[in-house]
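As structure tokens, the structure follows; a few thoughts come after it.
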Amino acid sequence: MLEKIRKIYESKNLTTPFEKALEIYNSTPCFKINENVYDKNPNWNDDVHFLMRLIATEKMKKVFKALKIDMDDPNVAENLEEGNIGTAGRIVKMWSGRDTKDDRELMGGRFNKPVRLAKFPNEISRDFDNPIIKEVDLTAVCSHHFAPFSTKFSDKAKIVIAYIPKDYVLGISKLQRVVRFIAQRGWLQEDLTKAIYKEISKTAETDDVYVKLKNIKHSCEFLRGALSESDGFTTEYFGGKFRKNRDLLDFVRNY
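The sequence shown begins at 1 in full-length UniProt numbering and counts up one residue at a time.
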């Protein structure tokens, strides 16, 4: 298997030599489904990522064979000469992203380079009491089934982020990108809600943050298993003034 992978890798004329890429890959520990590779190995790069996809695709083929899937089925088979990576390759890409910049795949956030959220000095008022509120979209996968949950599954679903700035005001348009970066991994919704809170709180340098994931439908529940047709799942996490001021909390809860 390794020689086949080496041949494909070296045919791409990548910057990182095969042996070096393999060394970086092998030295990277396995990490939790909701973590990011750069916290484990800052030397990760696009070449190593491509090597990982090649290795994972070969192993995924073995899983398919164990499940008695015909690998010659034209709907499943790969044909690299024609640019067809096959179903095994597509699943691997869906779970990892094409490269470290790909933020369109379900679990690309595990391998994306960390997002820097723009922030600007708060020149309006250091005693800003009114929350800044933003709605964003979200798609993640449950860590139990790797099945998506998303705001796209229901018109009632939404993500509400509110914060009261202190020394800094965040670039509002970047909030969506940060949420996407964090969400595109494997999560329990409760943990994802807290993770979004922590990232925004850290960047804005304030505990006065409120995050709500409202009516989020999980495909692992409505497409399989219980086949539930009920409304989605709601979670929230907040700190600072939102914990101390019930009127303020009620205001953002009803947003």
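From the three backbone atoms N, C-alpha and C, an ideal C-beta is built for every residue, glycine too.
Computed from a predicted structure; not experimentally measured.
- In this structure, Asp47 lies near Thr16, with their beta-carbon atoms less than 8 Å apart.
- Leaving aside the five residues that flank Asp207 on each side, the residues in its chain whose CB is nearer than 7 Å to its CB run, in chain order, Ser201, Gly239, Gly240.
- The residues Val136, in chain order, have a CB closer than 6 Å to that of Gln176 in the same chain once the five nearest residues on each side in sequence are set aside.
- Leu213 is the residue among Ala21, Leu213, Glu10 whose C-alpha sits nearest the C-alpha of Thr234.
- Within the model, the alpha-carbon separation for Arg116 versus Pro74 is close to 42 Å.
- The three-state reading of DSSP puts Asn26 in helix, counting H, G and I together.
- A direct Cα-Cα distance of roughly 20 Å separates Glu82 from Met60.
- When DSSP states are grouped into helix, strand and coil, Ala118 belongs to the coil group.
- Considering only Asn112, Asp250, Glu23, the residue with the shortest C-alpha distance to Glu236 is Asp250.
- When rounded, the separation of the alpha-carbon atoms in Arg246 and Arg253 is 10 Å.
- Around the beta carbon of Asn130, a 10 Å sphere encloses fewer than 16 other beta carbons of the protein chains shown; the residue is thus reported as exposed.
- Between Ile69 and Asn43, the alpha-carbon positions lie close to 36 Å from each other.
- For Val141, the enclosing beta strand (DSSP E) covers residues 139-142.
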